[in-house]
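Line order of the protein sequences matches chains A and B.
Heads up: the first sequence runs through residues 1 to 244, numbered per the working numbering.
Heads up: the second sequence runs through residues 245 to 563, numbered per the working numbering.
No residue lacks a Cβ here, since even glycine has one placed at the ideal position from N, Cα and C.
This structure is a prediction, so every number in the text was calculated from the model and none was measured.
Written below as structure tokens is the structure these notes are about.
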Amino acid sequence: MKSWIAFKSILMKDMRNYYLKPPNISWGIIFPFAWTLMFFLRSQTTMDIRSILPGVMAMSILFGTTSMLAVTITFERRSRSFERLLLAPIDLNLLMLAKTTGAILFGIINAFVPVVFASFIVDLTGINWFVVFGSVFFIAVTSTFLGLLIAVTVSEVFEAQTFSNFFRFPMIFLCGLFIPVQKLPAILQPLSYLIPLTYGADILKTAINGEGHLLLGLSFFMLVMFSLMFFIISTKNIKEKWIY
Amino acid sequence: MNILEVKNLTKRYGDFTAVAGINFAVKKGDVFGFLGPNGAGKTTTINMLTGLAKVTEGTVFLAGIDCVKHMKKAQELMGIVPDESNLYPEMNGLENLDFCGALYGMEKKERNRKAWELLEQVGLKEAAKKPFKAYSKGMKRRLTIAAGIIHNPDILFLDEPTTGIDVESARHIRKLLIDLNKSGTTIFLTTHYIEEAERLCNRIAFIVDGKIVKIDSTEKLLETAQREKIVQFSVDNCILELQGILQQTFPEYKYKVIDEQTIRVYSAEAIDLIPIIEVFKDNSLTLYEAKVIKPSLEEVFVKITGIEAKKMKNEGGKK
Ligand SMILES: Nc1ncnc2c1ncn2[C@@H]1O[C@H](COP(=O)(O)OP(=O)(O)OP(=O)(O)O)[C@@H](O)[C@H]1O
Ligand SMILES: [Mg+2]
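Here it is as structure tokens:
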């Protein structure tokens, strides 16, 4: 009960202080909106829009979540207010979940911005929304925890941003959203399967267009595995480096 | 009853030893002062006690809880005021306090009640809705202390609570700490103001180079110092030559020239003033003031750290 009060307060504070602040809201809305517009304008037919939707959704999640972590973790670490959290009687795992839940929710909301836009232009019937929501959730969790890992590895906000881009752009390229994995040069293909987004993208493609080629169960399993791995390494890093 | 027991507490950063196997205990109801110069290891010690730094060696027990193994459990009993305010700059005073209360699992209603009570107590009621970043240094420190006690901790740790703020704010804070202690909170504070330690603390540990060179009750420390008698004489003319004459006449005393017209006489026994005054007279000096100086903790500190720290270094060298 006590832990729950702390968890809720940390989450609400981050929401108020970071996620609901105009610059971040606009980042969350405008960014997916810009992606959507850019891709939708380029596509010639409405069928294209639907085939591009999974990619736009995944990118919105990836960029939304990882950028937020740089602020909520790295910034607070710089200003030393993160120490206050470490000094509170809250289990470190719970604390990190509290610090990341906001970003996960933010990512999920970001993912549906392009869906809302697309719904005005194309027919979205025949989509398995249950699977879509599941994959959006797990992509949001995985990329939030990736953002967490980056945030606890660096010490400056700008480093976190730069470092994130170092991961984000290759991920977009390799995950098979815009260029199917099979069409990538053979040497790059194994790399694709080391990227969590590849699995998330495949689930989205299956659910929206039936174009995925991996087993749904396997993809979900891989996303959970990546999430766990990122989270465990992150908390271990904090224990080792921040409690020095 | 000891609330905090520290044995052989050691912190090493690579080859460098910041805290070198210190031992002490804090009794329930104590105001325990950790007094030492810059770099002595005060912050490092507090960080180890509160869970921000790992203990390299040694044990810490707080109210019977093994802090090395179960820090999260021990933290429930602690209030912590760091040397630099680490509240949230964008949030106002009230929000900051509310949030800190929530971190310790306090219910909303109770948090709100306690937050207002504390804002009143630290004189920040008017500033409650101002963002923390707009606070002055002294206001920041006061709010940080309020944030440290909102959950009614059994023991409050403060790292240099009055460093870098004005006299008035410092006085306010000292008063606050005294009241807090009277209402039952044990206090552990670090400081490099000797006078502050003397005024606030009932037990003091002197820490130099990561080692405790002296630890005792403030009373006992002062008693030792005050066994020495000091009389200060002020005359109307230069007394530099007089020191030699006094030295010859009364070799049992020690002397120290404070300035051209002031000299201090030190003795373990009571000082007989008349013969000294006669020496002044014989040398045609007008004595216009003679006063007894009461040694303060400062004298004790200088004496002890000066001597003992040197001795310790020699011992360290022998090893
Ligand atoms: N993370 C660290 N790595 C290496 N050395 C450190 C680290 N933190 C502190 N030290 C060293 O340990 C010693 C004790 O530092 P500490 O901050 O505990 O001193 P302090 O008594 O609090 O001093 P001050 O009055 O300046 O606050 C110093 O020599 C400092 O340089
Ligand atoms: Mg310090």
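- Bridge pairing for Val475 of chain B: B:Val509, B:Val536 [DSSP].
- For Phe260 of chain B, the closest Cβ of chain A is not nearer than 8 Å.
- Here Ile233 of chain A carries a helix assignment [DSSP, helix/strand/coil].
- Using a Cβ distance threshold of 8 Å, Gly273 of chain B and Gly428 of chain B count as a contacting pair.
- Looking from the CA of Trp360 of chain B, the closest CA among B:Glu339, B:Ala449, B:Phe376 belongs to B:Glu339.
- Sixteen is the threshold: when 16 or more other Cβ atoms of the shown chains lie within 10 Å of the Cβ of Asn336 of chain B, as they do, the residue is buried.
- Residue pairing for Arg256 of chain B: DSSP places it in a beta bridge opposite B:Thr261.
- Relative to Gln365 of chain B, the option among B:Arg355, B:Ser380, B:Lys352, B:Leu387 whose CA is nearest is B:Leu387.
- Contact fails between the region 432-441 of chain B and the region 485-492 of chain B, because fewer than three Cβ pairs, one in each stretch, are under 8 Å apart.
- Partner residues in the beta bridge of Arg447 of chain B, as assigned by DSSP, are B:Phe276, B:Ser461.
- Those residues that bring their Cβ nearer than 7 Å to a heavy atom of ligand 2 are B:Lys286, B:Thr287, B:Asp327, B:Asp403, B:Glu404, B:Thr434.
- Per DSSP, the continuous beta strand (DSSP E) segment holding Val501 of chain B begins and ends at 498-503.
- Under the Cβ criterion (8 Å, minimum of three pairs), the region 416-430 of chain B does not count as touching the region 251-260 of chain B.
- No Cβ of chain A is located within less than 8 Å of the beta carbon of Lys377 of chain B.
- The contact set of Thr294 of chain B on chain A, defined by CB atoms closer than 7 Å, consists of Leu87 in chain order.
- Put simply, the backbone Cα of Ile108 of chain A is about 7 Å away from that of Ile61 of chain A.
- At the C-beta level, Ile238 of chain A and Leu149 of chain A stay beyond 8 Å of one another.
- Separation of the CB atoms of Ser79 of chain A and Pro333 of chain B is rounded to 7 Å, and the pair is thereby assigned contact status at 8 Å.
- Going by DSSP, Glu522 of chain B is part of the alpha helix (DSSP H) stretching over 517-526.
- With fewer than three CB-CB distances shorter than 8 Å, the region 93-105 of chain A does not count as touching the region 181-188 of chain A.
- Neighbourhood of Glu156 of chain A in chain B, by CB distance below 7 Å: empty, with the nearest CB roughly 18 Å away.
- Classified as exposed, Thr530 of chain B has fewer than 16 neighbouring CB atoms from the shown chains inside 10 Å of its CB.
- Contact between Phe138 of chain A and Leu223 of chain A holds: CB atoms are separated by about 4 Å, below the 8 Å threshold.
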